[in-house]
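Note sheet for the following structure.
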Amino acid sequence: YRKHIPTGCKILFIIAHPDDECLFFAPAIIELSLKNSVHILCITSGDYYGKGALRKKELLESCQILGLPKQNVEIFDDRSFPDDPHISWDFEKLQHHLSAHLGIVQPDYILTFDEEGVSGHPNHIAVPQVLKQMFMEKRPSQLPKLYHLKTVLLVRKYISFLDLPLSLLTDHLTFVSSLSNLVLSMRAMYAHRTQFVWFRILYIIFSRYMIMNTFIPVEL
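Numbering (UniProt numbering), first residue to last: 1 to 220.
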């Protein structure tokens, strides 16, 4: 389900950790990859528990299941912006990395978290913050269109498909997975074997983000 992004575009999803692409963005990634060139940029390797090397492999496997070639997936994995909710990222260095990557990919659209980060994780929140700083320093004509994944209230977050009527009442950019795409998202999540613990199984079953994504255009 798509309202505003045309076909034939280059679209960059910017995430904080391996598995974010499944837990939060899968409906949009699967749908957009059918008729667009979709890229993933992951800021960290997910090394909080010392499993970064394995989690990078899991991300590549997951993205392949979602329909993305390996060359469309980039992982920064820099110690200046670690997977750690207690350490602030070096925004200046991250801006430099992001600018270089945007110059290579040259996306028409960037899709990422909003400033609540869906789950409230500081790393999720840092991504839109650093992008906002970057975008405010450039002319609009030089920039791709930016969309934020809408954070919904907790009660809506875990009512699965029951949130669909509320989501479709808005004029926001919305993606809703078919049953086959939902199964594909679950398969991709299973590639993240290091993260497959009991509470993530509950998340997969009940989270509306496994079924639908709502994005809001960012005007700067």
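From the three backbone atoms N, C-alpha and C, an ideal C-beta is built for every residue, glycine too.
Since the structure is predicted, the reported quantities are computational estimates derived from the model, not experimental observations.
6 Å Cβ shell around residue i - same chain, five flanking residues per side excluded
i: R187; result: I65
i: Y1; result: Bear in mind that the predicted position of Y1 carries a pLDDT of just 42, short of 50, making it unreliable; the figure below should be weighed with that in mind. Around Y1: T174, F175, V176.
i: W89; result: F81, A126
i: P144; result: P107, D108, Y109, I110
i: I15; result: E21, C42
i: Q142; result: none
i: S37; result: K10
Supposed close pair residue i, residue j - CB separation, criterion 8 Å
i: H121; j: P165; result: That pair is no contact at about 28 Å.
i: V130; j: H124; result: Not a contact, Cβ separation roughly 12 Å.
i: C9; j: Y109; result: 6 Å
i: M210; j: I204; result: 6 Å
Cβ-heavy atom distance, residue i to the ligand MN, below 8 Å
i: P6; result: Absence of the ligand MN is noted for the structure shown, with no ligands found whatsoever.
Whether residue i touches residue j by CB criterion (9 Å)
i: C22; j: H192; result: yes
i: L41; j: E74; result: yes
i: Y48; j: D20; result: no
i: F215; j: H172; result: yes
i: L32; j: I5; result: yes
i: K70; j: L60; result: yes
i: Q95; j: M134; result: yes
i: V218; j: K132; result: yes
i: F206; j: S160; result: yes
i: S185; j: I30; result: yes
Contacting residues, own chain, Cβ-Cβ under 7 Å from residue i (five flanking each side not counted)
i: P128; result: T112, F113, D114, E115, H148
i: F24; result: V118, L149, Y209
Minimum C-alpha distance to residue i - residue among the options
i: D77; options: L169, I15, S207, S45; result: S45
i: I43; options: P18, L143, L202; result: P18
i: S167; options: R55, M212, G52, L179; result: M212
i: H39; options: M210, G67, D90; result: G67
i: H101; options: I87, R79, N72; result: N72
i: V183; options: P27, L12, T7; result: P27
i: K138; options: S99, S37, Y158; result: S99
i: Q52; options: S180, S37, N36, R79; result: Note on identity: in this sequence residue 52 is Gly, with Gln being the wrong assignment. The residue with the shortest Cα to Cα distance from G52 is R79.
i: M189; options: D163, L12, L162, K57; result: K57
i: T170; options: S180, Y158, L12, V152; result: V152
Same chain only: Cβ atoms within 8 Å of residue i, ignoring 5 sequence neighbours per side
i: T7; result: K35, N36
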